[in-house]
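> Dropping the structure in here first, questions after.
Protein chains: 2
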Amino acid sequence: MVNKKRVIQFKTPVYVEERGTAVGPKEGSGPLGHGFDYVFPSLLCGEKDWQTAEKKMTEKAITYCLHKQRLKDNHLDLFIAGDLTNQSTVSSQIARNLHVPFIGSYSACATAIENCIVAGMWINGGGARHVLCASSSHIGGCEKQFRFPIEFAQQKPDTAQTTVTGAGAIILGRHQSMIQMTEGLLGKVIDLGINNPYELGAAMAPAAADTLLTYLQETEQKPSDFDLILTGDLARSGSEIFKKLLREHGVIVSENYDDCGVMMYGTNQQVLAGGSGAGCCATVVFGHIFNEILANRLKRVLVIATGALHSANTVQQHKTIPCIAHAVVFERRGN
Amino acid sequence: MVNKKRVIQFKTPVYVEERGTAVGPKEGSGPLGHGFDYVFPSLLCGEKDWQTAEKKMTEKAITYCLHKQRLKDNHLDLFIAGDLTNQSTVSSQIARNLHVPFIGSYSACATAIENCIVAGMWINGGGARHVLCASSSHIGGCEKQFRFPIEFAQQKPDTAQTTVTGAGAIILGRHQSMIQMTEGLLGKVIDLGINNPYELGAAMAPAAADTLLTYLQETEQKPSDFDLILTGDLARSGSEIFKKLLREHGVIVSENYDDCGVMMYGTNQQVLAGGSGAGCCATVVFGHIFNEILANRLKRVLVIATGALHSANTVQQHKTIPCIAHAVVFERRGN
Chain A
135 MVNKKRVIQF
145 KTPVYVEERG
155 TAVGPKEGSG
165 PLGHGFDYVF
175 PSLLCGEKDW
185 QTAEKKMTEK
195 AITYCLHKQR
205 LKDNHLDLFI
215 AGDLTNQSTV
225 SSQIARNLHV
235 PFIGSYSACA
245 TAIENCIVAG
255 MWINGGGARH
265 VLCASSSHIG
275 GCEKQFRFPI
285 EFAQQKPDTA
295 QTTVTGAGAI
305 ILGRHQSMIQ
315 MTEGLLGKVI
325 DLGINNPYEL
335 GAAMAPAAAD
345 TLLTYLQETE
355 QKPSDFDLIL
365 TGDLARSGSE
375 IFKKLLREHG
385 VIVSENYDDC
395 GVMMYGTNQQ
405 VLAGGSGAGC
415 CATVVFGHIF
425 NEILANRLKR
435 VLVIATGALH
445 SANTVQQHKT
455 IPCIAHAVVF
465 ERRGN
Chain B
135 MVNKKRVIQF
145 KTPVYVEERG
155 TAVGPKEGSG
165 PLGHGFDYVF
175 PSLLCGEKDW
185 QTAEKKMTEK
195 AITYCLHKQR
205 LKDNHLDLFI
215 AGDLTNQSTV
225 SSQIARNLHV
235 PFIGSYSACA
245 TAIENCIVAG
255 MWINGGGARH
265 VLCASSSHIG
275 GCEKQFRFPI
285 EFAQQKPDTA
295 QTTVTGAGAI
305 ILGRHQSMIQ
315 MTEGLLGKVI
325 DLGINNPYEL
335 GAAMAPAAAD
345 TLLTYLQETE
355 QKPSDFDLIL
365 TGDLARSGSE
375 IFKKLLREHG
385 VIVSENYDDC
395 GVMMYGTNQQ
405 VLAGGSGAGC
415 CATVVFGHIF
425 NEILANRLKR
435 VLVIATGALH
445 SANTVQQHKT
455 IPCIAHAVVF
465 ERRGN
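Which chain is which? The protein sequence lines are A and B, in order.
In terms of this note's numbering, the first sequence opens at residue 135 and continues consecutively.
In terms of this note's numbering, the second sequence opens at residue 135 and continues consecutively.
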């Protein structure tokens with residue numbers, strides 16, 4: 135018999151041994167700015183191109199991870215990383231300097247959580263004790279590659295999202311800590327026919343709803359069992375569609391629901407519908423949310439990271455956008 | 135204490151439940167052509183663009199997998215896939231039609247074997263019973279994206295490789311079969327400073343040598359313990375460098391060594407140094423090599439898939455090419 139249950143319960147406990155975050159100036163001056171480890175004062179991070187800037191930012195996040203934990207990279211068993219640049223070269227170039235076995239991943243803006251789930255399974259399967267995961271995005275690199283260079287100052291509709299300039303790193307492992315990753319759920323790809331890359335929130339909302347409904351059904355839990363249900367980066371328009379889709383299934387999420395793309399920026403910041411990018415969920419969760427868990431203001435958080443699996447090429451071909459949402463549960467351990 | 139051993143021994147046995155391969159006309163008319171499940175008579179596979187052709191080819195390989203096994207996709211617990219298109223959209227579009235939890239992977243031409251190792255760990259960790267993995271490449275899509283459209287008929291040096299038009303799919307799981315995947319080794323990223331994308335064999339050879347030397351050292355085996363040691367796609371020039379690097383460490387591989395990129399094409403075919411691409415190792419191993427194992431002409435094969443983790447962008451920036459090599463052992467079970 136095939137076990138049809140999709141929710142993975144990590145039998146060997148998986149802990150957040152350490153995390154590090156680095157962001158750009160706009161993210162640093164937003165409402166969560168104080169919770170990041172490092173804020174770069176300029177988008178170029180002292181480099182000459184966006185890609186090298188993103189690499190420097192991710193290396194900064196990883197350095198915070200390793201220094202805080204007093205781990206050297208030779209204590210790591212595995213490095214899992216992915217980003218939005220073509221062929222994920224930011225991650226590969228970082229892997230070159232780490233000298234650690236490397237898994238390249240790609241799940242668009244859901245990459246950080248795909249990485250966590252794969253790391254968790256690796257630890258449960260006995261293949262690793264300490265796994266470093268990283269993911270990132272940079273508005274300069276993303277706009278140039280997916281749309282137009284930012285210097286072009288392209289006009290966009292209100293439903294468009296702003297790519298978060300940020301990198302998040304996390305070490306998951308067997309050393310007990312205050313934050314445990316208890317469960318994971320890999321999403322299925324869902325595509326309800328949206329082909330407009332300025333409507334990514336609407337495109338991704340059905341995948342997020344499917345993942346949440348599957349999780350609640352399989353575990354026989356309800357939204358109120360969590361202090362916070364957090365979607366990856368549906369942003370303002372996508373979050374409303376997400377809540378509406380859930381209501382159609384009789385599931386209400388309201389007070390204990392938020393979205394990383396909404397939380398990242400203040401209402402006074404010009405970001406259209408909110409944030410997105412592989413660095414969005416990574417920095418909000420590994421920064422602000424983990425701070426809240428450590429401060430005992432949150433005890434149990436369900437993170438549903440969303441990703442739009444399109445490219446500049448598929449947009450030009452007017453293809454519809456396949457979307458995915460992966461979920462994990464982070465819980466506070468101890469008092 | 136951290137276990138520094140990098141070789142993964144799959145404690146829960148992992149079997150090749152099924153495999154499927156589909157290739158383009160040049161690969162079909164090569165010396166391994168009879169061993170593939172399906173040969174498309176034209177590069178466009180009846181479609182209007184290279185990307186859709188690659189998708190159709192991969193779907194064909196997956197269909198062979200599922201039909202031979204009489205499995206429906208709802209028996210699958212997980213789909214792991216990656217390809218060389220920007221943002222790996224060929225794989226994502228296939229995932230959309232499969233309705234199976236999806237992990238997106240990226241390891242350039244080593245993607246097929248990265249997928250196998252992740253699948254094996256998933257099965258060992260208790261997260262899945264049947265995992266479908268796929269990877270692919272298409273000369274039309276790759277040349278357009280990484281270099282110039284093939285219509286441009288660009289001249290290249292003899293060390294350049296020809297992208298294999300091919301897709302390989304495999305179902306790994308717990309159902310006992312004649313072929314078992316017994317061990318895996320994830321590579322470290324190695325970059326000795328080559329930045330010429332027409333020298334990928336030379337760029338990747340050090341990573342392949344590092345992976346083989348690590349494997350032999352950790353397991354205290356010698357090359358003659360295998361019927362075949364097979365590199366992914368070093369092609370002719372890279373294979374010679376690989377053998378030379380090994381000789382410097384006192385390790386001789388000769389009679390029982392071959393390379394997928396060399397094996398794929400005949401000496402009468404115009405392919406420069408040989409084949410490459412995420413579909414190269416996938417089709418040669420899942421097609422020809424598994425046929426040889428089933429026919430009892432090979433019993434124990436070490437596959438070292440190689441990948442060059444560059445992009446068109448990093449080439450334009452004259453950045454050096456980070457390379458990786460992942461290894462797995464496939465063994466015949468039964469008589």
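We treat Cβ as the ideally placed atom computed from N, Cα and C, and that holds for glycine.
Taking the CB atoms as reference points, tell me whether V224 of chain B and K182 of chain B lie closer together than 8 Å.
Cβ atoms of V224 of chain B and K182 of chain B: not closer than 8 Å.
> Quick one: Cα of L334 of chain A to Cα of L346 of chain A, how far?
Each residue's CA atom was taken as its position, placing L334 of chain A and L346 of chain A some 18 Å apart.
> Less than 8 Å between the C-beta atoms of C394 of chain A and L306 of chain A, yes or no?
no
> Hey, S261 of chain B and I142 of chain A are a contact pair by Cβ (cut 8 Å); roughly how many whole angstroms apart?
Residue identity differs from the one stated: residue 261 of chain B is Gly in this sequence, not Ser. The beta-carbon distance between G261 of chain B and I142 of chain A, rounded to whole angstroms, is 5 Å. This is short enough to meet the 8 Å contact definition.
> Taking the alpha-carbon positions, what's the F280 of chain A to Q185 of chain B distance?
17 Å
> Consider the C-beta atom of N430 of chain A and the heavy atoms of the ligand SAM; say whether any pair is separated by less than 7 Å.
For the ligand SAM, the structure offers nothing, since it holds no ligand at all.
> Looking at the strands, I want to know which residues DSSP matches up with I305 of chain A.
A:E152, A:L266
> Candidates A:G180, A:D217, A:F213, A:F170: which alpha carbon is nearest S410 of chain A's?
A:D217
> Using only alpha-carbon positions, find the residue among A:P175, A:T197, A:T293 that is nearest to Y332 of chain A.
Considering only alpha carbons, the answer is A:T293.
> Between A229 of chain B and chain A, is there a C-beta pair that is closer than 8 Å?
Interface with chain A (8 Å Cβ-Cβ cutoff): A229 of chain B is included.
> Would a check of beta-carbon distances place N258 of chain A closer than 8 Å to chain D?
The chain labelled as chain D is not found among the protein chains of the depicted structure, namely A and B.
> Roughly how many angstroms separate the alpha carbons of I304 of chain B and E151 of chain B, rounded to a whole number?
Roughly 8 Å separates the two Cα atoms.
> Starting from T223 of chain A, find everything on chain B with Cβ-Cβ shorter than 9 Å and list it in chain order.
L443, H444, S445, N447, T448, K453, P456
> Could you check whether the Cβ of L200 of chain B sits closer than 8 Å to any Cβ belonging to chain A?
no
> Using a Cβ cut-off of 9 Å, pull out every chain A residue sitting near K471 of chain B, in sequence order please.
Here chain B comprises residues numbered 135 to 469, so residue 471 of chain B is not present and cannot be evaluated.
> I want to see whether chain B comes within less than 8 Å of D344 of chain A, judged by CB atoms only; does it?
no
> Sort out for me which residues DSSP pairs D393 of chain B with in a bridge.
B:T365
> What's the gap between the Cα of P340 of chain B and the Cα of G169 of chain B?
Distance between the alpha carbons of P340 of chain B and G169 of chain B: 30 Å.
> Using the Cβ count rule (16 or more neighbours within 10 Å means buried), how would you classify N137 of chain B?
With a pLDDT of 43 at N137 of chain B, under the threshold of 50, the modelled position of that residue is not reliable, and no figure is offered here.
> Please classify G261 of chain A: does DSSP put it in a helix, a strand, or coil?
Here DSSP, grouped into helix, strand and coil, assigns G261 of chain A to coil.
> Indicate the three-state DSSP secondary structure (helix, strand or coil) for I458 of chain B in the structure shown.
strand
> Please name the residue in B:L443, B:L212, B:N447, B:F464 whose C-alpha comes closest to that of P456 of chain B.
B:L443
> Return the residues of the stretch 303-336 of chain B that lie within a Cβ-Cβ distance of less than 9 Å from chain A, sorted by chain order.
G318, L319, L320, G321, K322, V323, I324, D325
> Quickly, what does DSSP pair S271 of chain B with across the bridge? List them, please.
B:G300
> Going along chain B in order, which residues have a C-beta closer than 7 Å to the C-beta of R140 of chain A?
P235
> I need the DSSP call for M315 of chain A, collapsed to helix, strand or coil.
strand
> Please report the distance separating the alpha-carbon of S311 of chain A from that of V265 of chain A.
15 Å
> Quick one: what does DSSP say K434 of chain B is sitting in, helix, strand or coil?
The amino acid at residue 434 of chain B is misidentified as Lys; the sequence shows Arg. Three-state DSSP puts R434 of chain B in a strand.
> Excluding the 5 residues preceding and the 5 following K290 of chain A in the sequence, name in chain order all residues of the same chain whose CB lies nearer than 8 Å to its CB.
Y332, L406
> Would you say G441 of chain A and A242 of chain A are within 8 Å of each other, going by their C-beta atoms?
yes
> Identify every residue that forms a DSSP beta bridge with L212 of chain A.
A:V265
> Which residue comes first and which comes last in the beta strand (DSSP E) that contains F424 of chain B?
Unbroken run through F424 of chain B is the alpha helix (DSSP H), 424-428; no beta strand (DSSP E).
> Check the Cβ-Cβ distances between V136 of chain A and every residue of chain B, and say whether any is below 8 Å.
Because V136 of chain A carries a pLDDT of 37, less than 50, the predicted location of this residue cannot be relied on, and the following value inherits that uncertainty. Yes, V136 of chain A lies at the interface with chain B (some Cβ there is under 8 Å from its Cβ).
> Taking the Cβ atom as the reference point for each residue, do P235 of chain A and R431 of chain B lie within a distance shorter than 8 Å?
no
> Counting C-beta neighbours from all protein chains within 10 Å, is the total for T417 of chain A 16 or more, i.e. buried, or is it exposed?
buried
> Leaving out the 5 sequence neighbours to the left and right, which residues in its chain are closer than 7 Å to M135 of chain B when beta-carbon positions are compared?
Caution applies to M135 of chain B, whose pLDDT of 31 falls short of 50 and renders its modelled position unreliable; the value that the coordinates give is listed next. Closer than 7 Å at the Cβ level, and outside the excluded window around M135 of chain B, lies no residue.
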